[in-house]
Amino acid sequence: MEVTLGYVALAAGLIIGLGAIGACIGIGIMGSKYLEASARQPELMNALQTKMFLLAGLIDAAFLIGVGIAMMFAFANPFVV
Numbered sequence: 005m006e007v008t009l010g011y012v013a014l015a016a017g018l019i020i021g022l023g024a025i026g027a028c029i030g031i032g033i034m035g036s037k038y039l040e041a042s043a044r045q046p047e048l049m050n051a052l053q054t055k056m057f058l059l060a061g062l063i064d065a066a067f068l069i070g071v072g073i074a075m076m077f078a079f080a081n082p083f084v085v
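Numbering (our numbering) for the sequence shown: 5 to 85.
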């Protein structure tokens with residue numbers, strides 16, 4: 005049973021860690037592309053900014069869903085009988 009709980013803790017850490025890395029990389033790439041696009045066409049800055057914040061929320065929501073799943077496995081583990 006302790007081995008199973010150890011694997012669950014490891015998996016929860018990997019879910020949270022890799023999700024955070026992916027979200028940070030995604031938001032960083034999106035922010036750099038926004039700056040490039042707004043430098044090329046400044047008249048579209050407001051429309052691009054709206055879309056950038058919407059996508060940043062969706063990327064962050066995907067990470068938080070992963071955190072929720074990891075917390076479910078950590079505290080209400082369905083694998084422990």
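Backbone N, C-alpha and C define an ideal beta-carbon position, used for all residues, glycine too.
Cα-Cα separation, VAL71 to PRO46: Whole-angstrom Cα-Cα distance: 37 Å.
8 Å Cβ cutoff met for PHE77 and GLY23: PHE77 places its beta carbon 8 Å or farther from that of GLY23.
Contact belief for SER42 with LEU52 at Cβ below 8 Å, rounded distance in angstroms: That belief holds up - the Cβ atoms of SER42 and LEU52 are roughly 6 Å apart, short of 8 Å.
Element boundaries [alpha helix (DSSP H), containing GLN53]: Element bounds for GLN53: 49-79.
ILE63 and ALA16 closer than 8 Å at C-beta: Here ILE63 is not near ALA16, since their CB atoms are 8 Å or more apart.
Beta carbon of ILE73 nearer than 8 Å to that of ILE19: Result yes, Cβ atoms of ILE73 and ILE19 sit closer than 8 Å.
Reduced DSSP category for PRO82 - H, G, I as helix; E, B as strand; rest coil: Judged by DSSP in its simplified three-state form, PRO82 adopts coil rather than helix or strand.
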